[in-house]
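Visitor:
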Ligand code: RB5
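Numbering (my numbering), first residue to last: 3 to 150.
Printed below as a string of structure tokens:
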């Protein structure tokens with residue numbers, strides 16, 4: 003399993019800590035940056051990560067900015083991406099099992115490192131439920147086109 007990671011300047015320290023945590027678990031990660039505190043624009047980092055997840059190069063992605071909000075907005079512009087901004091473990095679990103989310107967005111100003119590790123683990127370890135009603139609802143989400 004390959005997990006894509008990306009962050010802006012507000013999230014790169016937490017992103018790097020998550021990478022180290024996942025490495026300890028023997029999980030391969032792909033780092034899409036940023037890797038410095040220099041101010042940058044979160045959509046520029048969400049975009050390549052989402053392309054890697056949508057193409058299947060990586061199974062799941064984790065995006066970190068200061069709040070997780072801008073990253074989730076940018077990520078959800080991509081077809082095939084279902085990004086969820088979570089700040090506690092139950093949401094991280096249910097967005098995998100109910101929504102088949104494939105990108106977890108975290109806010110480095112919002113969650114501490116240990117909570118972030120726990121959410122990353124839960125997100126990675128929880129499968130989609132494959133329940134009929136959830137398949138139907140996720141299908142409707144995937145088919146939505148608000149411009150039509
Ligand atoms: C950057 O200052 C901040 O706006 C960004 O990290 C993120 O929280 C946006 O949603």
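Glycine is no exception: its CB is placed at the ideal position from the N, C-alpha and C atoms.
These numbers were taken from a predicted model, which means no experiment stands behind them.
Using CA coordinates, which residue listed in 106, 57 and 101 is at the minimum distance from residue 75?
Guide: The residue with the shortest Cα to Cα distance from residue 75 is 106.
Visitor: In the structure shown, what three-state DSSP assignment does residue 26 receive?
Guide: DSSP places residue 26 in helix when its eight states are reduced to three.
Visitor: Anything with a beta carbon under 5 Å from a heavy atom of the ligand RB5 counts; list them all in chain order.
Guide: Listed along the chain, these residues meet the criterion: 10, 12, 67, 68, 69, 71 and 72.
Visitor: For the alpha helix (DSSP H) holding residue 1, just list the boundary residues, first then last.
Guide: Outside the modelled stretch of the chain, which goes from 3 to 150, sits residue 1, for which no answer is possible.
Visitor: From the DSSP output, in three-state form, read off residue 112 for me.
Guide: Coil, per DSSP.
Visitor: Kindly indicate which three-state DSSP category residue 83 falls into: helix, strand or coil?
Guide: Here residue 83 sits in coil by DSSP.
Visitor: Which residues mark the beginning and the end of the alpha helix (DSSP H) in which residue 142 is found?
Guide: 134 to 145 is the span of the alpha helix (DSSP H), which, as asked, contains residue 142.
Visitor: Out of 20, 43, 42 and 50, point me to the one whose CA is closest to residue 34's CA.
Guide: Among 20, 43, 42 and 50, the Cα nearest to that of residue 34 is on 50.
Visitor: Grab me the residues of residue 32's own chain with a C-beta within less than 8 Å of its C-beta, minus the 5 sequence neighbours each way, in chain order.
Guide: Contacts found: 4, 5, 6, 7, 54, 59 and 60.
Visitor: Locate the alpha helix (DSSP H) running through residue 72, then write down its first and last residues.
Guide: Residues 71 to 77.
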